[in-house]
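Participant: All letters in the sequence shown, in the order written, are residues 259 to 577 by the working numbering. Okay, here's the structure, questions in a sec.
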Amino acid sequence: MKLGFVSDSLGGIGFTEMLDHAQRMGVSCIEVTTGGWSTAPHLNLNDLLASADKRRAYLREFEARGLEIISLNANGNPLHPTDPAQGDCLKNTLRLAGELGLGTVCTMSGLPEGCAGDRMPNWVVSSWPPETQAILRYQWEERLLPFWTEVVGLAQAAGVSRIALELHGNQCVHNVPSLLKLRGEIGALVGANLDPSHLIWMGADPHVAAEALGEAIYHVHAKDTFLNAPVQAVSGLLETGSLMDIPARSWSYITLGFGHGEEWWRQFCYRLKMAGYDGWLSIEHEDVLLGSLEGLGKSVELLQRVMPRAVSDFKPQDI
């Protein structure tokens with residue numbers, strides 16, 4: 259496995275300074291955000307699409323520091339009913355990835371409206387009352403599947419071989435069954451970006467999820483979640499409070515090791531190996547209480563201690 263981080267983890271500093279910190283921390287790769295819910299502080303999508311010279315100069319900054327680009331990440335809602343720019347961002351990100359020679363793009367599945375004419379996304383999280391099933395049928399049959407059929411074709415034309423969908427709340431694809439359902443309909447170009455932090459607050463077990471996904475794991479985000487037991491005991495895990503108010507929330511994103519200890523992350527890495535995944539671990543720092551450099555640094559240090567690096571050379575002796 260190789261270690262890197264999402265560029266927005268250091269979103270408050272400039273591009274070259276971000277790369278210098280990556281080199282100093284000893285990571286080998288960066289996952290670069292391109293838009294959507296990100297201001298994309300380290301990449302100008304339109305500029306790079308328009309200029310081969312700018313693309314070459316951009317790549318040289320990574321190469322000069324011994325770094326790679328893991329993937330591009332268009333992390334918005336590409337099926338938003340009133341904001342087509344988010345879907346355009348994904349499509350342009352696929353085009354840019356092809357121009358940069360990158361095989362993987364990370365994104366979200368998207369969450370459309372609940373029926374034709376609605377103006378806001380609608381996330382169904384229960385099977386009752388019965389209109390929830392009508393919403394799901396509309397979202398999948400009328401919006402999700404046609405969109406992803408088109409996008410897979412665009413990815414193939416651009417030379418992108420893998421789209422890694424983040425299993426994220428407020429998306430049609432938010433867990434293992436929904437990912438496998440879309441993959442079954444659309445094909446193996448679509449796989450999972452396994453981010454344990456989201457599965458934790460939704461009540462799933464990322465260790466078991468890794469085994470269930472197997473070869474469908476195309477990317478991994480390393481992000482932790484703190485479960486605030488006293489608040490959770492009163493309010494449950496369906497949380498709508500401010501992300502900035504950690505004491506009042508039942509769960510919060512947190513620096514690696516502060517929500518789940520080193521042994522948990524060691525087991526997570528080993529479970530990934532058992533599932534056949536030996537790719538990138540991309541840290542996504544979103545802890546509002548720790549400084550970004552401190553929190554990212556602590557996360558890097560933890561994973562450097564627990565992640566497998568070398569290829570196995572064990573074989574039984576001839577006896």
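Using N, Cα and C, we set each Cβ at its ideal position, and we do this for glycine too. Note that this is a predicted model, so its numbers are computed, not measured.
In this structure, does DSSP put SER419 in helix, strand or coil?
Facilitator: Taking the first residue of the sequence shown as 1, we reach residue 419 at position 161. Of the three classes helix, strand and coil, the one that applies to SER419 here is coil, per DSSP.
Participant: When burial is assigned at 16 or more other CB atoms within 10 Å of the CB, is PHE405 buried or exposed?
Facilitator: Reading the sequence shown from its first residue, position 147 is the one you call residue 405. The residue in question, PHE405, is buried, as its Cβ has 16 or more Cβ neighbours within 10 Å.
Participant: Any heavy atom of the ligand ADP closer than 7 Å to the beta-carbon of GLU326?
Facilitator: You won't find the ligand ADP in this model; it holds no ligand whatsoever.
Participant: Given this structure, state the Cα-to-Cα distance separating GLU222 from LEU554, to the nearest angstrom.
Facilitator: Past the boundaries of the shown model lies residue 222; the chain is included only from 259 to 577, so the question cannot be answered.
Participant: So, at 7 Å on beta carbons, what are the nonlocal neighbours of GLN525 in its own chain, with the 5 sequence-adjacent residues on each side left out?
Facilitator: Taking the first residue of the sequence shown as 1, we reach residue 525 at position 267. Cβ neighbours of GLN525 beyond the five flanking positions: HIS465.
Participant: Taking THR362 and ALA422 to be in contact with their CB atoms under 8 Å, please state how far apart those CB atoms are, rounded to whole angstroms.
Facilitator: The sequence position of residue 362 within the sequence shown is 104, counting from 1. The sequence position of residue 422 within the sequence shown is 164, counting from 1. Between ALA422 and THR362 the Cβ distance is about 6 Å, and since that is below 8 Å, they are a contact.
Participant: Please go through the same chain and pick out, in chain order, the residues whose beta-carbon is closer than 8 Å to the beta-carbon of ILE327, but skip the five residues on each side of it.
Facilitator: Mapped onto the sequence shown, residue 327 falls at position 69. Non-local beta-carbon contacts of ILE327 in its own chain, meaning distances under 8 Å to residues more than five positions away in sequence, involve CYS287, ILE288, GLU289, VAL290, LEU317, PHE320, LEU358, LEU360 in chain order.
Participant: Taking just the CA atoms, how far does ALA322 sit from MET378?
Facilitator: Stepping through the sequence shown from its first residue, residue 378 is reached at position 120. Stepping through the sequence shown from its first residue, residue 322 is reached at position 64. Per the coordinates, the alpha-carbon of MET378 lies some 44 Å from the alpha-carbon of ALA322.
Participant: So the alpha helix (DSSP H) HIS465 belongs to, where does it begin and stop?
Facilitator: Position 207 of the sequence shown holds residue 465. 464-471 is the extent of the alpha helix (DSSP H) around HIS465.
Participant: Let me confirm a value: ASN331 is counted as buried when at least 16 other C-beta atoms fall within 10 Å, else exposed. Which label applies?
Facilitator: Start at 1 with the first residue of the sequence shown, and residue 331 comes out as number 73. Buried: at least 16 other Cβ atoms inside 10 Å.
Participant: Within 10 angstroms of its Cβ, does GLU542 collect 16 or more other Cβ (buried), or is it exposed?
Facilitator: The residue labelled residue 542 in the question sits at position 284 within the sequence shown. GLU542 comes out buried.
Participant: For a test of the three-state rule: what should DSSP assign to ILE271, helix, strand or coil?
Facilitator: Residue numbering aside, residue 271 sits at position 13 when the sequence shown is read from its first letter. Here ILE271 sits in coil by DSSP.
Participant: Report back the beta-carbon spacing between LEU539 and ALA480 to the nearest angstrom; my notes put them in contact at under 8 Å.
Facilitator: Position 281 of the sequence shown holds residue 539. Position 222 of the sequence shown holds residue 480. Confirmed, about 5 Å.
Participant: My assumption, with CB atoms under 8 Å, is that PHE484 sits in contact with GLY537. Please give the rounded CB distance.
Facilitator: Taking the sequence shown and counting its residues from 1, the one referred to as residue 484 is at position 226. Taking the sequence shown and counting its residues from 1, the one referred to as residue 537 is at position 279. Not confirmed; about 26 Å, so no contact.
Participant: What's the C-alpha gap between HIS300 and SER367?
Facilitator: Here residue 300 refers to the residue found at position 42 when the sequence shown is read from its first residue. Here residue 367 refers to the residue found at position 109 when the sequence shown is read from its first residue. If I take the Cα positions, the gap works out to 23 Å.
Participant: Suppose you measure from the CA of GLN414 to the CA of GLN490; what does that come to, to the nearest Å?
Facilitator: Here residue 414 refers to the residue found at position 156 of the sequence shown. Here residue 490 refers to the residue found at position 232 of the sequence shown. Their backbone Cα atoms lie some 44 Å apart in a straight line.
Participant: By DSSP, does THR362 sit in helix, in strand, or in coil?
Facilitator: As a position in the sequence shown, residue 362 is number 104, starting the count at 1. Note: THR362 maps to strand in three-state DSSP.
Participant: Among VAL409, LEU425, HIS426, which has the Cα closest to the Cα of VAL418?
Facilitator: Numbered from its first residue, the sequence shown carries residue 418 at position 160. Distances from the CA of VAL418 to each of VAL409, LEU425, HIS426 were compared; the closest alpha carbon is that of VAL409.
Participant: Spatial neighbours of GLY269 within its chain, please: C-beta separation below 7 Å, excluding the five flanking residues on both sides.
Facilitator: If you number the sequence shown from 1, residue 269 lands on position 11. Answer for GLY269: PRO299, listed in chain order.
Participant: List the whole-angstrom C-beta distance separating LEU303 from ASN333, where the pair is believed to meet the contact cut-off of C-beta under 8 Å.
Facilitator: The residue given as residue 303 occupies position 45 in the sequence shown. The residue given as residue 333 occupies position 75 in the sequence shown. 13 Å between Cβ atoms; not a contact.
Participant: Cutting at 8 Å between CB atoms, please list the residues of its own chain near GLY427, excluding the five before and the five after it.
Facilitator: Here the question's residue 427 lines up with position 169 in the sequence shown. For GLY427, where only same-chain residues beyond five positions count, the Cβ hits under 8 Å are TRP381, HIS456, TRP459, MET460.
Participant: In the DSSP assignment, find the unbroken beta strand (DSSP E) run with TRP522 in it and report its ends.
Facilitator: If you number the sequence shown from 1, residue 522 lands on position 264. Counting along the chain, TRP522 falls outside any beta strand (DSSP E), though it belongs to the alpha helix (DSSP H) covering 520-532.
Participant: Express the C-alpha separation of LEU402 and ASP453 in angstroms, rounding to a whole number.
Facilitator: Your numbering for residue 453 matches position 195 in the sequence shown. Your numbering for residue 402 matches position 144 in the sequence shown. Each residue's Cα considered, the two are about 21 Å apart.
Participant: Please classify VAL383: does DSSP put it in a helix, a strand, or coil?
Facilitator: Within the sequence shown, residue 383 is the residue found at index 125, counting from 1. In the three-state DSSP reduction, VAL383 falls in the coil class, being neither helix nor strand.
Participant: Short of 8 Å in beta carbon distance, which residues of its chain neighbour CYS347, apart from the five on each side in sequence? Order them along the chain.
Facilitator: The residue you call residue 347 lines up with position 89 of the sequence shown. Only THR292, GLY293, GLY294, LEU303, ALA332, GLY334, PRO336 meet the Cβ criterion.
Participant: Let me know the secondary structure DSSP gives LYS556 once reduced to three states.
Facilitator: Here residue 556 is taken as the residue at index 298 of the sequence shown, counted from 1. DSSP places LYS556 in helix when its eight states are reduced to three.
Participant: Quick check on ILE444: does DSSP put it in helix, strand or coil?
Facilitator: In the sequence shown, counting from the first residue as 1, residue 444 sits at position 186. Helix at ILE444.
Participant: Just list the residues that DSSP pairs VAL264 with in beta bridges.
Facilitator: Translated into positions along the sequence shown, residue 264 becomes position 6. In the DSSP output, where bridge partners are listed per residue, VAL264 has GLU289.
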